[in-house]
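J.: With full-length UniProt numbering applied, the sequence shown covers 47 to 525.
Below are the structure tokens for one structure; questions will follow.
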Amino acid sequence: SAGTPYWRPTVHFTPERNWMNDPNGMVHFQGEYHLFFQHNPHGDQWGNMSWGHAVSHDLVHWTELPVALSPDELGAIFSGSAVVDHDNTSGLFDAEPGIVAIYTNAGQTQQQSIAYSTDRGRTWTKYAGNPVIENPGVADFRDPKVFWHDETERWIMSLAEGDRISFYASPDLLNWERLSEFGSDQGAHGGVWECPDLFRLPVEGQPGRSKWVLIVSINPGGPAGGSGMQYFVGEFDGTRFRNDGSPGEVRWVDQGADFYAAVTWAGIPESDGRRLWLGWMSNWTYASEIPTSPWRGSMSVPRELSLIETGAGLRVAQRPVAELERVRRRPRRWSGAVSDGGAAPEFRGSELDMTTEFRLTGASATSFGLEVFTDGEQVTRIGYDVTARQVFVERTESGDTTVSDAFPARHAAEHVPDDGVVRLRILMDRCCVEVFGDRGQVVLTDLVFPAPKGNRVRPFADGGRVHLDSWEIYELNAH
Ligand code: FRU
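Written out as structure tokens, the structure reads:
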């Protein structure tokens with residue numbers, strides 16, 4: 047369609063051509079952030095699953111490289127992870143440390159295999175002893191995510207097994223021992239569990255305190271329908287993960303429709319110390335119908351993770367990485383009263399990073415926020431519903447909504463700010479909005495496909511007034 051090239055985002059990674067789903071093998075090595083991804087090099091539908099490859103020095107500008115891993119006699123190359131084998135525990139390297147990729151070979155059955163690279167991820171050798179973990183007789187057995195566990199001095203793998211996550215250990219990445227499993231009676235089970243990740247996260251503002259976080263993608267059964275992501279906060283003793291929450295509790299990572307299969311980067315230098323990830327910005331409900339060409343699939347922006355103490359307990363918070371602020375232009379600013387039917391300022395832009403602070407205390411509006419990607423007819427509404435106490439994204443009239451019956455919808459996340467101010471950071475980039483509420487504990491990511499003339503942003507208030515204390519609008523210029 048005519049809108050297609052226009053929808054190519056500028057600060058979000060998309061492959062030059064063809065299909066993309068999950069991020070894979072994310073590792074930082076010798077100054078480069080690697081992003082591998084589920085890719086069909088030969089078409090714009092899921093198939094021929096391979097690992098595509100891109101690198102970045104700053105998490106904003108990406109260079110796509112040739113396909114890293116292609117299907118072999120053990121099957122397709124499904125999702126997985128990568129680590130830097132600093133101490134050559136695998137014996138696969140000589141003088142210099144290299145990268146080891148751990149992935150699922152999906153053929154007759156799903157099994158775990160490894161490959162290694164001695165040239166900064168440019169070329170890969172598959173290990174002659176693959177698979178390193180054979181299928182034990184279960185259909186779903188995939189998406190290995192590996193990290194080095196300091197306390198027990200061994201590698202730990204999290205693996206998705208249908209309705210649970212299993213944990214394995216290895217001294218050398220080659221020989222694996224099954225340790226334990228978690229989750230068949232915990233959290234949300236509206237669909238199959240996929241793409242786990244397990245890591246320690248410091249509690250913000252409480253030096254010395256940290257918890258273990260277990261991430262699980264689930265499809266279907268997500269909060270906005272279809273694919274979604276949940277997390278558990280607890281302890282990992284080197285063998286077992288224990289959930290601090292009650293078994294029936296469900297914590298969602300993102301309550302929009304389009305954030306899936308996110309896993310974190312390995313190899314971030316200690317001097318940096320951040321826990322970073324990004325996710326696939328799509329949903330299995332309609333991923334194959336996304337109206338872009340010649341590519342299909344985009345990633346979210348990289349986000350920094352933290353654990354924050356809230357009135358309701360510890361929550362995972364996400365914020366766009368600080369590197370994005372380097373491609374902001376000088377801001378336009380506005381503050382003032384916004385009322386139903388009243389005049390409102392309007393700005394142009396389709397690649398924007400905005401911050402808003404709406405004063406909830408004293409507001410008479412039933413809902414308020416920003417209209418984005420609008421020309422007066424098509425509109426994406428992002429805001430706060432005072433009555434329902436929800437941050438929401440509404441894309442019912444966002445442009446091309448014919449993607450699927452499930453596409454034109456309103457997605458919402460409960461939130462009550464503790465200081466009477468609704469803070470929203472809103473990133474928009476041609477075909478998507480990412481909304482970070484408050485300290486980043488309320489997140490909604492949604493795809494939208496506006497016509498090019500839908501390029502204005504303006505505040506709105508329904509059924510009354512609200513004071514917009516602060517509105518900053520930065521154009522993003524990543525070129
Ligand atoms: C998640 C997923 C993974 C699998 C991959 C296949 O989106 O289903 O479980 O490894 O995609 O492309």
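Beta carbons are placed, not taken as given, at the ideal position from N, Cα and C, and that holds for glycine.
Where DSSP assigns a beta bridge to Tyr-306, which residues make up the other side?
T.: For Tyr-306, which the question treats as bridged, DSSP gives the partners Trp-326.
J.: For the beta strand (DSSP E) containing Lys-191, name the first residue and the last one.
T.: Element bounds for Lys-191: 188 to 195.
J.: Can you tell me whether Met-345 sits near the ligand ADP, meaning its C-beta is under 7 Å from at least one heavy atom of the ligand?
T.: As for the ligand ADP, it is missing from this structure, which binds only the ligand FRU.
J.: Considering Lys-257, what are the terminal residues of the beta strand (DSSP E) in which it resides?
T.: Taken as a continuous stretch (DSSP letters only), the beta strand (DSSP E) holding Lys-257 covers 256 to 265.
J.: Quick test of your reading: Leu-247 and Ser-256, contact by CB under 8 Å. State the CB separation rounded to the nearest angstrom.
T.: Rounded, the Cβ-Cβ distance is 6 Å, consistent with contact.
J.: Buried or exposed, going by whether 16 or more other CB atoms sit within 10 Å of the CB of Asn-501?
T.: Answer is buried; the Cβ neighbour count reaches 16.
J.: Run through DSSP, which three-state label would Ala-333 get?
T.: Here Ala-333 sits in helix by DSSP.
J.: Count the other C-beta atoms from every protein chain shown that fall within 10 angstroms of the C-beta of Ser-230, then say buried if there are 16 or more, exposed otherwise.
T.: It counts as exposed.
J.: Can you grab the Cα-Cα spacing for the pair Trp-170 / Arg-210, in whole Å?
T.: Distance between the alpha carbons of Trp-170 and Arg-210 is about 31 Å.
J.: For a test of the three-state rule: what should DSSP assign to Tyr-520, helix, strand or coil?
T.: Reduced to three states, the DSSP call for Tyr-520 is strand.
J.: Please classify Trp-311: does DSSP put it in a helix, a strand, or coil?
T.: It is coil, neither helix nor strand.
J.: Identify the continuous beta strand (DSSP E) that holds Pro-69 and give its terminal residues.
T.: Taken as a continuous stretch (DSSP letters only), the beta strand (DSSP E) holding Pro-69 covers 64 to 75.
J.: Output needed for Gly-89: all residues of its chain with C-beta closer than 7 Å, excluding positions within five of it in sequence on either side, in chain order.
T.: Closer than 7 Å at Cβ, skipping near neighbours: Asn-64 and Trp-65.
J.: Reducing DSSP to helix, strand and coil, say where Ala-409 ends up.
T.: Looking at Ala-409 - three-state DSSP - the assignment turns out to be coil, as it is neither helix nor strand.
J.: Exposed or buried, Glu-223, counting other C-beta atoms within 10 Å across all chains shown (16 or more means buried)?
T.: Counting Cβ neighbours within 10 Å, Glu-223 comes out exposed, since fewer than 16 surround it.
J.: Sorted by chain position, which residues of the same chain lie with C-beta nearer than 6 Å to Trp-311's C-beta, five sequence neighbours on each side aside?
T.: Only Met-72, His-74 and Leu-322 meet the Cβ criterion.
J.: Any idea what DSSP makes of Ser-47, helix, strand or coil?
T.: Unreliable positioning characterises Ser-47 in this predicted model, as indicated by a pLDDT of 47, which lies under 50. A coordinate reading is not provided.
J.: How far does the beta strand (DSSP E) with Val-57 in it extend, from its first residue to its last?
T.: Per DSSP, Val-57 belongs to no beta strand (DSSP E) and is neither H nor E.
J.: Taking the C-alpha atoms as reference points, what is the distance between Asp-318 and Val-418?
T.: Rounded to the nearest angstrom, the two C-alpha atoms are 35 Å apart.
J.: Could you check the C-alpha separation between Leu-473 and Trp-380 for me, to the nearest Å?
T.: Going from the Cα of Leu-473 to the Cα of Trp-380 covers about 17 Å.
J.: Could you check if Phe-82 belongs to the surroundings of the ligand FRU, using beta carbon to heavy atom distance under 7 Å?
T.: No - the ligand FRU has no heavy atom lying nearer than 7 Å to the Cβ of Phe-82.
J.: If distances are taken between C-alpha atoms only, which option among Val-494, Pro-69, Tyr-79 and His-85 comes closest to Glu-62?
T.: Among Val-494, Pro-69, Tyr-79 and His-85, the Cα nearest to that of Glu-62 belongs to His-85.
J.: Just the C-alpha distance for Arg-361 and Ala-141, rounded to the nearest angstrom, thanks.
T.: Approximately 43 Å between the Cα atoms of the pair.
J.: Counting only runs of 3+ residues fully inside the stretch 86 to 118, write out the beta strand (DSSP E) ranges in chain order.
T.: Complete beta strand (DSSP E) runs here, min 3: 96 to 102 and 109 to 115.
J.: Cα separation between Leu-260 and Ser-334?
T.: So the alpha carbons of these two residues sit roughly 29 Å apart.
J.: Report yes or no: do three or more beta-carbon pairs, one from the stretch 404 to 414 and one from the stretch 460 to 472, lie closer than 8 Å?
T.: Cβ pair count under 8 Å is three or more, so yes.
J.: Excluding the 5 residues flanking Ala-48 on each side, which residues of the same chain have their C-beta closer than 8 Å to its C-beta?
T.: Here the model assigns Ala-48 a pLDDT of 48, short of 50, so the residue's position is not dependable, and the following value carries that caveat. Cβ neighbours of Ala-48 beyond the five flanking positions: none.
J.: Looking only at its chain, what residues have a beta carbon closer than 6 Å to the beta carbon of Gly-153, apart from the 5 residues adjacent to it on each side?
T.: The residues are Leu-120 and Gly-121.
J.: Suppose the cutoff is 6 Å on Cβ atoms and the five residues either side in sequence are ignored; what does the same chain contact list for Ser-385 look like?
T.: Counting only Cβ-Cβ distances below 6 Å, and skipping sequence neighbours, we find Ala-507 and Arg-511.
J.: May I ask you to report which of helix, strand or coil DSSP gives Val-367?
T.: Looking at Val-367 - three-state DSSP - the assignment turns out to be coil, as it is neither helix nor strand.
J.: For Tyr-162, which three-state DSSP category applies?
T.: Three-state result, Tyr-162: strand.
J.: If you draw a straight line from the C-alpha of Pro-315 to the C-alpha of Ser-102, how long is it?
T.: Spanning the two alpha carbons is a distance of roughly 15 Å.
J.: What's the call for Val-489, buried or exposed, on a 16-neighbour Cβ count within 10 Å?
T.: Flag for Val-489 reads buried.
J.: Assign His-525 to one of two classes, buried (16 or more other C-beta atoms within 10 Å of its C-beta) or exposed (fewer than that).
T.: It is exposed - the Cβ of His-525 has fewer than 16 other Cβ atoms within 10 Å.
J.: Going by the CB atoms, is the gap between Met-203 and Ile-148 shorter than 8 Å?
T.: Against a cut-off of 8 Å, the Cβ pair of Met-203 and Ile-148 comes out as a contact.
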